[in-house]
Amino acid sequence: MSKQPLLILGPLMPYLIEELGKKYEIEKLYEEKDALGFLQAHAPRFEAAVTSTFTGLKADMIDLLTAVKIVSSFGVGTDSLDVAYANKKGIKIANTPDVLNEDTANMAITLLLASTRDIVANDRFVREGRWAKGEAAPLALGIEGKKVGLVGLGRIGSVIATKLLAFGCDVVYHTRNKKPDISFKHYDNLVEMAGDCAALIAILPGGEATQGVISREVLQALGPEGTFINVARGTVVDEIALVELLKSKELGRAGLDVFVDEPNVPADLFALDNVVLQPHMGSATVETRKAMADRVVSNLDNYFAAK
468 MSKQPLLILG PLMPYLIEEL GKKYEIEKLY EEKDALGFLQ AHAPRFEAAV TSTFTGLKAD
528 MIDLLTAVKI VSSFGVGTDS LDVAYANKKG IKIANTPDVL NEDTANMAIT LLLASTRDIV
588 ANDRFVREGR WAKGEAAPLA LGIEGKKVGL VGLGRIGSVI ATKLLAFGCD VVYHTRNKKP
648 DISFKHYDNL VEMAGDCAAL IAILPGGEAT QGVISREVLQ ALGPEGTFIN VARGTVVDEI
708 ALVELLKSKE LGRAGLDVFV DEPNVPADLF ALDNVVLQPH MGSATVETRK AMADRVVSNL
768 DNYFAAK
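Everything in the sequence shown is counted per this note's numbering, starting at 468 for the first residue and increasing by one.
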């Protein structure tokens, strides 16, 4: 029995490629020297395609996928996927929520602890021999009993909140609308919340609707004793203001897993001891990436099984 043709739009982890190859006749568009010519000749063969949040799916590509009815995306974000246009064209978009909640939440907590306790700066302090020379590292900050504000309280935000409670934090949140049956204090005004908090964690979707939500005013309200953590998207913060305020110490600390123009990180951050930088690693554990890959496959399987 012949396998269902499947078009892979961009690079994926080897495990996922292998699993897809077991069930589908895969074609890797990103390896074609003339991708446009390939699609013009072969697009009618493909009812299904796979992409990722890194490769994305824009309107021009959707127009070329003339027979595709299902696109399974590796990742939970949809800001790089033109979902509305795909739906208009009768294409279903599937992603990989839930399976990455715990590890992404763990990254947020890790960045919070690493930033407030100066883990990276103190690592350099030891490696440079400064401790052995009798220097004393500056005192860090604790988080127990401190108010931590979540900007966004979806699936991952809710997990972060639970983990913060275990550290004795007072959790508050800002969303466009107050969530029913949530006991945490809700702030309508993000600047006001930032002013009341010791730390702010961004965990909201990317896209035009949230671009620059973490503004200069918000960061200034967080202040020289405050810590900003971003495990959302680089676009949700005014990155220029963030860099300037970290350099001037008007913002105390930051832990950043995401940036506006990845993998290009503002070079001014490299010399700063008050920021911890990560290369977009929120869900990047062996266990979670495998679970995400399995979800990509099961989304396709469920579609073809009419589920």
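Heads up, the beta-carbon is just placed ideally off N, CA and C, and yes, glycines get one too.
Residues that residue i bridges to, as DSSP identifies them
i           : result
residue 743 : 722
residue 716 : Paired residue(s): none; residue 716 is not in a bridge.
residue 704 : 681
residue 559 : 537
residue 586 : Bridge partners of residue 586: none, in fact.
residue 495 : 475
residue 669 : 618 and 697
residue 548 : 524
residue 860 : Summary: the structure shown does not reach residue 860, with the chain confined to residues 468 through 774, and so no result is reported for it.
Secondary structure of residue i, DSSP reduced to three states
i           : result
residue 650 : coil
residue 472 : strand
residue 613 : coil
residue 697 : strand
residue 520 : coil
residue 623 : helix
residue 655 : coil
residue 774 : coil
residue 637 : strand
residue 515 : strand
residue 565 : coil
residue 779 : For residue 779 there is no data in the structure shown, the boundaries of the chain being 468 and 774.
residue 630 : helix
residue 532 : coil
residue 751 : coil
residue 596 : coil
residue 786 : Residue 786 is absent from the structure shown; the chain starts at 468 and stops at 774.
residue 644 : coil
residue 505 : helix
residue 602 : coil
residue 510 : helix
residue 711 : helix
residue 543 : coil
Distance CB(residue i)-CB(residue j) smaller than 7 Å
i           : j           : result
residue 546 : residue 690 : no
residue 670 : residue 610 : no
residue 576 : residue 553 : no
residue 520 : residue 504 : no
residue 612 : residue 596 : no
residue 703 : residue 681 : yes
residue 657 : residue 615 : no
residue 533 : residue 551 : no
residue 522 : residue 476 : yes
residue 724 : residue 574 : yes
residue 589 : residue 599 : no
residue 641 : residue 626 : no
residue 840 : residue 566 : Nothing in the structure corresponds to residue 840, since the chain is present only between 468 and 774.
residue 705 : residue 683 : yes
Inter-residue spacing [alpha-carbon to alpha-carbon] between residue i and residue j
i           : j           : result
residue 488 : residue 639 : 46 Å
residue 514 : residue 707 : 43 Å
residue 763 : residue 508 : 26 Å
residue 564 : residue 536 : 20 Å
residue 662 : residue 472 : 54 Å
residue 765 : residue 711 : 45 Å
residue 637 : residue 697 : 19 Å
residue 607 : residue 652 : 27 Å
residue 666 : residue 659 : 13 Å
residue 645 : residue 726 : 28 Å
residue 491 : residue 526 : 25 Å
residue 601 : residue 585 : 18 Å
residue 502 : residue 756 : 27 Å
residue 649 : residue 699 : 21 Å
residue 483 : residue 768 : 14 Å
residue 524 : residue 496 : 13 Å
residue 630 : residue 479 : 31 Å
residue 759 : residue 562 : 9 Å
residue 709 : residue 493 : 43 Å
residue 506 : residue 498 : 13 Å
residue 664 : residue 694 : 9 Å
residue 560 : residue 469 : 25 Å
residue 587 : residue 581 : 7 Å
residue 676 : residue 643 : 11 Å
residue 746 : residue 481 : 20 Å
Beta carbon proximity, residue i to chain B, threshold 7 Å
i           : result
residue 592 : Looking for chain B here will not work: only one protein chain is present.
Touch check for the stretch 538-558 and the stretch 726-735: three-plus C-beta pairs under 8 Å? no
How about the stretch 738-752 and the stretch 568-580: do they share at least three Cβ pairs that are nearer than 8 Å? yes
Could you say if the stretch 708-721 and the stretch 739-749 meet the contact criterion of at least three C-beta pairs nearer than 8 Å? yes
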